[in-house]
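Per the working numbering, the sequence shown starts with residue 2, numbered consecutively. No residue lacks a Cβ here, since even glycine has one placed at the ideal position from N, Cα and C.
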Amino acid sequence: TAGQQYYTNKFDQCNNNCKYEIFNVTKNNIYIFKLINPSPLSHMNIIFDKHIMIIIAIDGNNIQPINVSSIDLHGGQRIDVQIITNGNIGDQYYISVQTRSRAGIRYGKAILNYVSVNDTNITSNINEFDTTQHPKWDDFNYTTLQQNSFIGSTNPPNYVNNTFILLSTQDRFDVHNNIYFNGDKNIYNN
2 TAGQQYYTNK
12 FDQCNNNCKY
22 EIFNVTKNNI
32 YIFKLINPSP
42 LSHMNIIFDK
52 HIMIIIAIDG
62 NNIQPINVSS
72 IDLHGGQRID
82 VQIITNGNIG
92 DQYYISVQTR
102 SRAGIRYGKA
112 ILNYVSVNDT
122 NITSNINEFD
132 TTQHPKWDDF
142 NYTTLQQNSF
152 IGSTNPPNYV
162 NNTFILLSTQ
172 DRFDVHNNIY
182 FNGDKNIYNN
């Protein structure tokens with residue numbers, strides 16, 4: 002439900018009941034966020050403003066931890082990230098989500114709210130999030146480099162019997178030439 006908003010009409014305009022999900026955290030702790038992309042149409046990019054995410058598992062499989070400032074999450078993908086809370090009590094930071102690989106960009110936000118151990122109601126003003134921190138919607142090089150940087154914690158088999166290529170609704174696959182592309186960008190050629 003993070004970033005869930007209530008819309009009043011087909012033009013995605015929010016009414017006065019719009020609220021961001023708030024995640025209360027305490028300073029100097031490690032939190033694990035289990036991120037899931039339920040979208041069948043778009044992958045998304047997630048940023049915890051002014052925090053490094055440490056990816057520790059993908060789709061329930063442990064990987065060698067990797068530090069990232071933002072992460073792409075594909076349709077149905079599940080990624081576990083650790084966040085080290087190094088802010089101060091009263092600080093608030095956006096958790097920002099942006100759709101990728103589709104020209105109609107959508108944003109969602111939640112709030113990481115620093116509280117004391119005994120008080121979970123502290124709120125303060127929050128600065129607006131700079132959405133240019135997200136990769137551009139069509140930066141497929143960013144996506145490819147990030148996905149290729151993940152290294153499993155166990156050795157994969159030495160052989161592969163079948164290859165499965167999963168496509169989103171914006172992707173195309175030329176079965177005769179074995180070429181996968183998104184729009185005019187050639188992404189995979191085997």
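Y115, enclosing beta strand (DSSP E) - first and last residue: Y108 to Y115
Residues bridged to E22 (per DSSP): A111
Sub-8 Å separation of F34 and I84 beta-carbons: yes
Reference N87, options M45, I56 and S117, closest by Cα: S117
N29, buried or exposed, once every other Cβ within 10 Å from all chains shown has been counted against 16: exposed
A111 to T100 span [Cα, whole Å]: 15 Å
Cβ of S117 within 8 Å of any chain B Cβ: As a matter of chain content, chain B is missing from the structure shown, which is built from one protein chain.
Between the CA atoms of Q148 and I37 - distance to the nearest angstrom: 16 Å
Cα-Cα separation, F49 to I152: 22 Å
Distance between G105 and P39 (C-alpha atoms, nearest Å): 17 Å
Where D73 falls, given that 16 or more other Cβ within 10 Å makes a residue buried: buried
Beta-carbon proximity of I55 to P66, cut-off 8 Å: yes
Outcome for N46 when other beta-carbon atoms lying within 10 angstroms are tallied against a minimum of 16: buried
Rounded separation between F141 and Y95 - CA only: 25 Å
Cβ neighbours of T144 in the same chain (closer than 6 Å, five flanking residues each side left out): D73
Contact under 8 Å by Cβ, R103 with S43: yes
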